[in-house]
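See structure below.
In our numbering, the protein residues as written are 966 to 1422.
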């Protein structure tokens, strides 16, 4: 009996060890309890691993700040290219840009992938800006030749809001400039008019790469394309509150979507567009009984592509009655769009998440109060997805996956989708650890049972 009791104690120790292994291999408590918020409210993740429900700010409350990417690394732009810090591909960075500032960064490029570097400029809320205020992003080679750039500004809607722009270096065997591998430099320049707010702007910088094609694709744009506006969507809008930045932009599919927007606030959304698909988007401000005074440029609606290059924007006034703003018709997503000089056409150059942002003028508060105004987005996506152009490698963000479509149906932001992926990885680790622990346990018990039988015999 003693021998059997000894075997029992050893088996108990093995069970304890197995439990300990299971505990170590299990997911952290946060990964088990993070909720995925659905249509009723979106989650904004201010820091990695901490999710909070993103709900509209009530009248009198401070507006939610811009939601920066929680994985972004701090970097400091240099005054000279000689001291520029490197931006790694696939990474997001944060910096600030002073009044009339110039910031240099360095990137290392090869001849096998196209390169895009974008910046989201986030001015201080409520600051004064003028028509010519804005910023420019460019990529230069080591001789100072400009490979590509984009410049954007506040235009006629003279109130602060996040602005997006990107620069690109495209591999082109027929070109003699900006093609050799090596160091290139990203320059972000800010323009500030006299009398505008001189406070520093925050920057969110992304460096993305795109594989080349296995074989040359079409290079000519079709002369005729479907530019007619489709029949308007009708029905009961679904509640899906916009996010506070690119990082927590609310995902949308085809349909009507309701949010509440406060004066001075910018809401972000994202829509997956596959190859061959075409986007039509409108924004409607609901009516108000608080007055009928006219506010010019009351609403701005902007569109950016998956590399956060500016594609298009529009603005509309408000007089207390319901009013609608429609973006111009965009060409279907196609690789050959990049050959166009027109910025809106060139921007529809790859599949992936396209970003819509809506900003309500702070002047609305003076005429109609600081309370939320109902905003309805109508998103129409036409055409079935077509095969991609044939990338010679992983397209990364320049594709629409099954997970992207699921996230759009649920309304999950990019931050939430990343957390879901982490949670799935953690559960796979648990499963693997459980299989390993169970195997060790069974082998151990089998060996001890064999030893016990031999001793008893």
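We put the CB at the ideal spot given by N, CA and C, even for glycine.
As the structure is a computational prediction, the values presented were derived from the model and not from experiment.
Bridge partners - residue i, DSSP secondary structure assignment
i	result
residue 1385	Answer is none; residue 1385 lacks a bridge partner.
residue 1345	1245
residue 1356	1178
residue 1103	1114 and 1152
residue 1083	1131 and 1171
residue 1224	1340
residue 1072	1149
residue 1271	In the DSSP output, where bridge partners are listed per residue, residue 1271 has none listed.
residue 1090	Answer by DSSP bridge pairing: none, since residue 1090 is not bridged.
residue 1231	1324
Exposed unless 16 or more other CB atoms sit within 10 angstroms - verdict on residue i
i	result
residue 1044	exposed
residue 1031	buried
residue 1217	buried
residue 1190	exposed
residue 1231	buried
residue 1302	buried
residue 1255	exposed
residue 1131	buried
residue 1347	exposed
residue 1121	exposed
residue 1306	exposed
residue 1111	exposed
residue 1384	buried
residue 1287	exposed
residue 1025	exposed
residue 907	Within the shown structure, residues of the chain are numbered from 966 to 1422, placing residue 907 beyond reach of any answer.
residue 1126	buried
residue 1227	buried
residue 1247	buried
residue 1210	buried
residue 1430	Within the shown structure, residues of the chain are numbered from 966 to 1422, placing residue 1430 beyond reach of any answer.
residue 1184	exposed
Alpha carbon of residue i to alpha carbon of residue j, nearest angstrom
i	j	result
residue 1123	residue 1095	6 Å
residue 1325	residue 1029	14 Å
residue 1047	residue 1327	41 Å
residue 1263	residue 1249	11 Å
residue 1245	residue 1065	36 Å
residue 1371	residue 1236	12 Å
residue 953	residue 1151	Here the chain comprises residues numbered 966 to 1422, so residue 953 is not present and cannot be evaluated.
residue 1090	residue 1196	37 Å
residue 1280	residue 1148	40 Å
residue 1435	residue 1334	The structure shown has nothing for residue 1435, since the chain only spans 966 to 1422.
residue 1080	residue 1275	16 Å
residue 1128	residue 1181	34 Å
residue 1312	residue 1332	37 Å
residue 1282	residue 1258	10 Å
residue 989	residue 1035	With a pLDDT of 39 at residue 989, under the threshold of 50, the predicted position of this residue should be treated as unreliable, though the coordinate-derived value follows. Each residue's Cα considered, the two are about 26 Å apart.
residue 1339	residue 1142	50 Å
residue 1222	residue 1373	12 Å
residue 1382	residue 1224	21 Å
residue 916	residue 1119	Beyond the ends of the chain as shown, which are 966 and 1422, falls residue 916; an answer cannot be given.
residue 1155	residue 1167	12 Å
residue 1138	residue 1330	54 Å
residue 1161	residue 1097	10 Å
Cβ separation of residue i and residue j, assumed to be a contact under 8 Å, to the nearest whole Å
i	j	result
residue 1272	residue 1177	Contact flag wrong, Cβ pair sits at about 16 Å.
residue 1070	residue 1037	Between residue 1037 and residue 1070 the Cβ distance is about 14 Å, and since that is not below 8 Å, they are no contact.
residue 1076	residue 1144	6 Å
residue 1316	residue 1353	7 Å
residue 1219	residue 1057	Not quite, the Cβ-Cβ distance comes to about 29 Å (not below 8 Å), so this is no contact.
residue 1169	residue 1084	7 Å
residue 1378	residue 1241	The pair is not a contact, with the Cβ atoms about 26 Å apart (cut-off 8 Å).
residue 1074	residue 1134	6 Å
residue 1233	residue 1320	6 Å
residue 1278	residue 1261	That pair is no contact at about 15 Å.
Cutoff 7 Å: residue i Cβ touching any chain B Cβ
i	result
residue 1297	No chain B is present in this structure, which holds just one protein chain.
Problem - Any beta strand (DSSP E) of 3 or more consecutive residues that is wholly inside the stretch 1126–1208 - result: 1128–1134, 1147–1156 and 1166–1176
Practice task
Could you pull out every unbroken beta strand (DSSP E) segment of at least 3 residues lying fully inside the stretch 1020–1070, listed in chain order?
Solution key: 1057–1062
Practice task
For the stretch 1254–1316, list the beta strand (DSSP E) runs that are entirely contained and at least 3 residues long, ordered along the chain.
Solution key: 1260–1269, 1275–1283 and 1288–1291
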